[in-house]
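Everything below concerns the one structure shown next.
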Amino acid sequence: MSKVPIAVAYGDGIGPEIMSACLHVLQEAGAQIEPHVIEIGEKVYLQGHSAGITPEALEMIRQTRVFYKAPITTPQGGGFKSLNVTTRKLFNLFANVRPVVSYHPFIETKYPGMDVVIVRENEEDLYAGIEHRQTPEVYQILKLITRPGTERIIRYAFEYARAYNRKKVTCMTKDNIMKLTDGLFHKIFDEIGAEYPEIEKEHWIIDIGTAKLADTPEQFDVVVTLNLYGDILSDMVAQIAGSVGLAGSANIGPSVAMFEAIHGSAPRRAGQNLANPSGLLHAGILMLVHIGQPDVAERVHNAWLRTIEEGYHTYDIYREGVSREKVGTKEFAQAIVRRLGQYPEKLPPVYYVKEGKAPSKIQIPPYVRPPRPQKELVGVDIFVDWTPGTPAELAERIQRALPAHLKLHMITNRGTIVWPTGAAETFLTDHWRTRVVSASGQPLTHADILSALQAYLQAGLDFIKTEHLCRFDGVDAFSKGQGE
Ligand code: NAD
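Right under this line is the structure:
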């Protein structure tokens, strides 16, 4: 078998120690890999590369299409961009996959029997980073959820479940509140889920779903969710399994994939041969399966399980009375190497090759854009920066200024209706949404919106943004005012 070239970064802090330990184990296990070392992290940031990576290193990742990455230190202070976010966006790494398992009774956990995989959407949601301060009092971020992005991650979760013989996929959203954005995610989960009849499906609202996951994680199998919820859930789940030092994650894109531990560079532990390399080793196991060497992945994983159950533990998981020996990073790796070819006797062994076959490679079909829906413009929300007076005063100014064919439909403040109805108790900021529609009920044109803005200008109103109100195929595609 020819060796598979991979880009390898040793990172910062404990990174170099745990990467050396992991490469040693993988190579001793027979991994056919050809590491190409690239520089990333603190040093590169301080040389003036704002994302902590050089163009040459990015080119190496592009060529090898596999990136095995140790944690890095992001320097304090402004101007530095997240290397992970840059890599994710640049290489379209849309799926973050994080398997988390508890190893009771060898690693302390309140949750024996936990074996969960979090599949987190990695590119969209609030992470588009589109933020604005709109008024002296009000700041905004845009949450973007797309059909192609959602279809891809949901399908990935179901394909993952199928490839790895998982029985259930749970979707978590907050669609009782965010009916359009989270609602789309839930709807696509139901649509695509129907194509996987053998897999059990369920949906939880994220708040109670998180509570259930924290309480009875053994009832969950694969969980698919949006970017921000997934970010929080995946750390929570790793922590309750025993230690953030244990889990690895894969960031998967259509051509490139990146594998890393979930923890950071733990600078206080650096250079002392103390750190636990298990998280990065698990990332390495995910990488071996990805590059088609599941037999090697299986050898490494089972030798690691055997090492854990025999009680060779780094300081973070060491417990008097349970562990046999407190070992350093290097000695831990050596203990695993000595057990290559062995299977655990108490913990369940792991099989990546079943009936002579590796898990099938997950292929996501390219997005097929459906025919364009019919789009009708039925109104516009014009947001205004206005120092609190009464809503009725604002309404009167707008009504006086608007041309006869346009009418003010409502005003909200922080989403709550304050005109024509409303409650005296509603707190008022300087940020108002004023909804303008046509007086006759007819659709609007872009020219109508310009004339509405012209009217606001003449009335001396500081409009700060507009949002078009559309109907797609006859269905309203905007939210109502709270209390409307
Ligand atoms: P951290 O994950 O580095 O450390 C948190 C705690 O966990 C510390 O007590 C640490 O000693 C312990 N710990 C972490 N990994 C361990 C391991 N393998 N073995 C034993 N103990 C371990 O988080 P932090 O201290 O908040 O961040 C340190 C630096 O890491 C920061 O510069 C941060 O930006 C960076 N970071 C990088 C990544 C990444 O590269 N993917 C992720 C998170 C944080």
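Residue numbers for the sequence shown follow our numbering, so the first one is 129 and each next one is one higher.
Glycine is no exception: its CB is placed at the ideal position from the N, C-alpha and C atoms.
Neighbour flag for K271 against chain B, beta carbons, 8 Å: Annotation note: the requested chain B is absent from the structure, which comprises a single protein chain.
Inter-residue Cα distance where the pair is R190 and V384: Here residue 190 refers to the residue found at position 62 of the sequence shown. Here residue 384 refers to the residue found at position 256 of the sequence shown. Between R190 and V384, the C-alpha separation is close to 7 Å.
Express the C-alpha separation of A157 and Q421 in angstroms, rounding to a whole number. The residue given as residue 421 occupies position 293 in the sequence shown. The residue given as residue 157 occupies position 29 in the sequence shown. Answer to the nearest angstrom: the Cα atoms are 11 Å apart.
Residues bridged to R599 by DSSP? As a first step, residue 599 must be located in the sequence shown, where it is residue number 471. Note: R599 sits in a beta bridge opposite E504, D604.
Using the DSSP secondary-structure output, state which residues sit across from W547 in a beta bridge. Sequence index remark: in the sequence shown, residue 547 carries index 419 (1-based). Its beta-bridge partners are I539.
With a Cβ-Cβ cutoff of 8 Å, do G407 and H418 count as a contact? Stepping through the sequence shown from its first residue, residue 407 is reached at position 279. Stepping through the sequence shown from its first residue, residue 418 is reached at position 290. Contact: no.
Using the C-alpha atoms, what's the distance from Q347 back to R427? Here residue 427 refers to the residue found at position 299 when the sequence shown is read from its first residue. Here residue 347 refers to the residue found at position 219 when the sequence shown is read from its first residue. Those two C-alpha atoms are separated by around 28 Å.
Closer than 7 Å to a non-hydrogen atom of ligand 1 - does that hold for the CB of A394? Indexing the sequence shown from 1 puts residue 394 at position 266. Yes, the beta carbon of A394 sits closer than 7 Å to at least one heavy atom of ligand 1.
So, does the segment 511-526 touch the segment 582-600, judging by three or more C-beta pairs under 8 Å? yes
Going by beta-carbon coordinates alone, are L530 and N541 separated by less than 8 Å? The residue given as residue 530 occupies position 402 in the sequence shown. The residue given as residue 541 occupies position 413 in the sequence shown. Going by C-beta atoms, L530 is not nearer than 8 Å to N541.
Residue range of the beta strand (DSSP E) that S566 falls in? Position 438 of the sequence shown, counted from the first residue, corresponds to residue 566. 559-566 is the extent of the beta strand (DSSP E) around S566.
Any heavy atom of ligand 1 closer than 7 Å to the Cβ of A580? Start at 1 with the first residue of the sequence shown, and residue 580 comes out as number 452. No.
Rounding to the nearest angstrom, what Cα-Cα distance links A369 and V153 in this structure? Here residue 369 corresponds to residue number 241 of the sequence shown, with the count starting at 1. Here residue 153 corresponds to residue number 25 of the sequence shown, with the count starting at 1. C-alpha separation (whole angstroms): 24 Å.
Going by DSSP, what residues sit across from L376 in a beta bridge? Position 248 of the sequence shown, counted from the start, is the residue given in the question as residue 376. Residue identity differs from the one stated: residue 376 is Gly in this sequence, not Leu. Per DSSP, A389.
Assigned exposure category for A339 - 16 Cβ within 10 Å defines buried: Looking up residue 339 in the sequence shown gives position 211. Burial call: exposed.
Where does E330 sit, in a helix, a strand or coil, going by DSSP? For the purposes of this step, residue 330 is taken as residue 202 along the sequence shown, with counting starting at 1. Strand, per DSSP.
What does the alpha-carbon distance come out to for the pair Q175 and P199? Start at 1 with the first residue of the sequence shown, and residue 175 comes out as number 47. Start at 1 with the first residue of the sequence shown, and residue 199 comes out as number 71. For Q175 and P199, the distance between alpha carbons rounds to 18 Å.
For the alpha helix (DSSP H) holding K458, just list the boundary residues, first then last. As a first step, residue 458 is located in the sequence shown; it is residue number 330 there, counting from the start. Residues 457-466.
Go through its chain and collect everything with a Cβ distance to P163's Cβ below 7 Å, but skip five positions before and after it. Looking up residue 163 in the sequence shown gives position 35. Cβ neighbours of P163 beyond the five flanking positions: I134, V136, L151.
Verify the contact flag: R397, CB atom, against every heavy atom of ligand 1, threshold strictly below 7 Å. Position 269 of the sequence shown, counting from 1, holds the residue named residue 397. Yes.
Counting Cβ pairs closer than 8 Å, one from the segment 442-460 and one from the segment 233-242, do we hit at least three? Yes: the two stretches touch, three or more of their Cβ pairs being nearer than 8 Å.
Should P548 go down as buried or exposed, given a rule of 16 or more other Cβ atoms within 10 Å for buried? Walking along the sequence shown from the start, residue 548 turns up at place 420. Flag for P548 reads exposed.
Beta-carbon proximity of D601 to Q502, cut-off 8 Å: Taking the first residue of the sequence shown as position 1, residue 601 is located at position 473. Taking the first residue of the sequence shown as position 1, residue 502 is located at position 374. In this structure, Q502 lies closer than 8 Å to D601 by Cβ.
With DSSP as the reference, label Q268 as helix, strand or coil. The count along the sequence shown starts at 1 and reaches residue 268 at position 140. Here Q268 sits in strand by DSSP.
Beta-bridge pairing of R226 - partner residues as DSSP gives them: In the sequence shown, residue 226 corresponds to position 98, counting from 1. Note: R226 sits in a beta bridge opposite I246.
List, from N- to C-terminal side, the alpha helix (DSSP H) runs of 4 residues or more that fit wholly inside the segment 186-227. 211-218
Could you check if T278 is buried or exposed, using at least 16 other CB atoms within 10 Å of its CB as the buried criterion? Start at 1 with the first residue of the sequence shown, and residue 278 comes out as number 150. With 16 or more Cβ atoms within 10 Å of its Cβ, T278 is classed as buried.
M129 by DSSP, collapsed to three states: which one? Sequence index remark: in the sequence shown, residue 129 carries index 1 (1-based). Residue state, collapsed to three classes: coil.
Residue environment, R396, which counts as buried when at least 16 other CB atoms sit within 10 Å: For the purposes of this step, residue 396 is taken as the residue at position 268 of the sequence shown. So R396 counts as exposed.
When you compare only the Cα positions, how much space is there between T266 and P516? Stepping through the sequence shown from its first residue, residue 266 is reached at position 138. Stepping through the sequence shown from its first residue, residue 516 is reached at position 388. For the record, residue 266 in the displayed sequence is Val; it is not Thr. Each residue's alpha carbon lies about 13 Å from the other.
Under the DSSP definition of a beta bridge, which residues are partnered with Q610? Your numbering for residue 610 matches position 482 in the sequence shown. In DSSP, Q610 forms a bridge with T544.
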